[in-house]
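Chains as they are written, first to last, in our numbering: chain Y, 1 to 119; chain R, 120 to 228; chain A, 229 to 362.
One structure is given here, and the rest of the page talks about it.
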Amino acid sequence: MAIVVTITQPPFGHENAFAGLYVGSASLSKGLDVMVLLLGDGVYNARKGQVDPLKNIFMPPTENQVQDIIDMGGRVIIEKEALWERGIAPSELLEGIEVMESSRMMDIIIENGEKVVGF
Amino acid sequence: MLVMKPPHSDEDARRMCGLLSSARAKGMGVGVYLLGDGVYCAKKGHRGLVGESLRSALSKGAEINASKKDLLSRAMGEADVEPGVKVLEDLESTFVEDMMERSERVTSW
Amino acid sequence: MVTSDRMLTLMLFTGPYGAQYADHMCHVAEKALEKGYRVEIFLYGDGVHSQLKGQNPKTFYNVGEALTRLAAKGAVIKSCQRCSGARGYIEGEFNEKEGRYPSSKSIDAVKIYSLYGFVDMIGRTDRLLTFGSA
Chain Y
1 MAIVVTITQP
11 PFGHENAFAG
21 LYVGSASLSK
31 GLDVMVLLLG
41 DGVYNARKGQ
51 VDPLKNIFMP
61 PTENQVQDII
71 DMGGRVIIEK
81 EALWERGIAP
91 SELLEGIEVM
101 ESSRMMDIII
111 ENGEKVVGF
Chain R
120 MLVMKPPHSD
130 EDARRMCGLL
140 SSARAKGMGV
150 GVYLLGDGVY
160 CAKKGHRGLV
170 GESLRSALSK
180 GAEINASKKD
190 LLSRAMGEAD
200 VEPGVKVLED
210 LESTFVEDMM
220 ERSERVTSW
Chain A
229 MVTSDRMLTL
239 MLFTGPYGAQ
249 YADHMCHVAE
259 KALEKGYRVE
269 IFLYGDGVHS
279 QLKGQNPKTF
289 YNVGEALTRL
299 AAKGAVIKSC
309 QRCSGARGYI
319 EGEFNEKEGR
329 YPSSKSIDAV
339 KIYSLYGFVD
349 MIGRTDRLLT
359 FGSA
């Protein structure tokens, strides 16, 4: 049984992505299984190459948070249709990200989402 | 599913419909609870994805419930909602009971 | 009074009054407590503003008073330490004896606690709902 964290906001403009990813990594550190689903604008969090956001805009880099979740054994899954709509190429994504069709992601929520935390 | 947003507010409506569709495809029973601004989703004759999705779900046996006090506050009554939608005096109470005792999954929007 | 062994966790991510999510959360919590379920609430992000002491809405549902009533009926209510600190609520180091960060600005019903308090709730709960997060 996994905790499913859904994130629909891009990094920085709202606190949602930071807060959701934090729940993901904190849950992993306590031994829970975690799946992070990046939906809609949430897919922007999977792009690599954030340049010093802490210094530039006083925001901690969500890229590091996403990488931490992957390194800790969590799954980070992003919505294929949302990537396409936003012109994001696979080469822009962090290693270890899984790209999945929206309908399959809905299946994941149904199949695994005993506990779904939405951001 | 607890729904607290109107049908055209953002992409969540599309995801909600996707979840409805996914659950029905797996043969799962579905309950939708419309609270606050979510009651707009039940308005009769609603065009677009949410209206179609709810009507389809109703025709296939999904339970769609709307909060009476939220409908009345928003100038709607039982006659204004899609046929088949149950208007409940105490939606929160029914929702809690169904969520805790009858359901395997719950999401909120 | 808790008569069931089943637990409901509610997370609030948005502040009171700007939207109805806090109201909805409190109503759901109230019904769950009436039915004897264990209820635990975590205030996160702007949701921590619901802990502010002295709320006095002229016509809106008073969320601060609602949380106080819920706690009196047995709900466990915590708010995020990091979010509370950012928003100016925390006034000292964690108090081990009371199990909270000190804050004269927060109602007693809410304990300011680390995010791991929420993770602990998630681990134990039977059902989890989020309010105002997207």
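All C-beta atoms, glycine included, are put in the ideal place defined by N, C-alpha and C.
Predicted, not measured: the structure shown is a model, and the values here were computed from it.
Please work out which residues of its chain come closer than 7 Å, Cβ to Cβ, to residue 116 (chain Y), disregarding the five sequence neighbours upstream and downstream, and give them in chain order. 4, 6 and 109
If contact means a Cβ-Cβ distance below 8 Å, which residues of the segment 1-12 of chain Y contact chain R? 8
Where the beta strand (DSSP E) containing residue 304 (chain A) begins and where it ends: Note, residue 304 (chain A): beta strand (DSSP E), 304-308.
Taking Cβ-Cβ distances shorter than 7 Å, what residues in chain A pair up with residue 15 (chain Y)? 273
List the residues that DSSP assigns as beta-bridge partners of residue 150 (chain R). Paired residue(s): R:182.
Complete beta strand (DSSP E) runs within the segment 232-267 of chain A (minimum length 3 residues, chain order): 235-240
Taking 8 Å as the CB-CB limit, is residue 128 (chain R) close to chain Y? With 8 Å as the cut-off, residue 128 (chain R) does not count as an interface residue toward chain Y.
Own chain, CB closer than 6 Å to residue 343 (chain A), minus 5 neighbours either side, in chain order: Counting only residues of its own chain and dropping the five nearest sequence neighbours on each side, residue 343 (chain A) has a CB closer than 6 Å to the CB of 308.
With a threshold of 6 Å on Cβ separation, who are the neighbours of residue 236 (chain A) within its own chain once the five nearest residues in sequence on each side are excluded? 260, 265, 267 and 355
Report yes if the CB atom of residue 189 (chain R) is closer than 8 Å to the CB atom of residue 154 (chain R), and no otherwise. Pairing residue 189 (chain R) with residue 154 (chain R) gives a Cβ-Cβ distance under 8 Å.
Run through chain R and tell me which residues come within less than 8 Å of residue 359 (chain A), C-beta to C-beta. 123 and 227
Kindly indicate if chain A contains any beta-carbon less than 8 Å away from that of residue 192 (chain R). no
So, helix, strand or coil for residue 6 (chain Y), using DSSP? Strand at residue 6 (chain Y).
State the beta-bridge partners of residue 328 (chain A) as determined by DSSP. A:323
Should the segment 61-76 of chain Y be regarded as contacting the segment 140-148 of chain R, the criterion being three or more beta carbon pairs within less than 8 Å? Contact between the segment 61-76 of chain Y and the segment 140-148 of chain R is not established, with fewer than three Cβ pairs separated by less than 8 Å.
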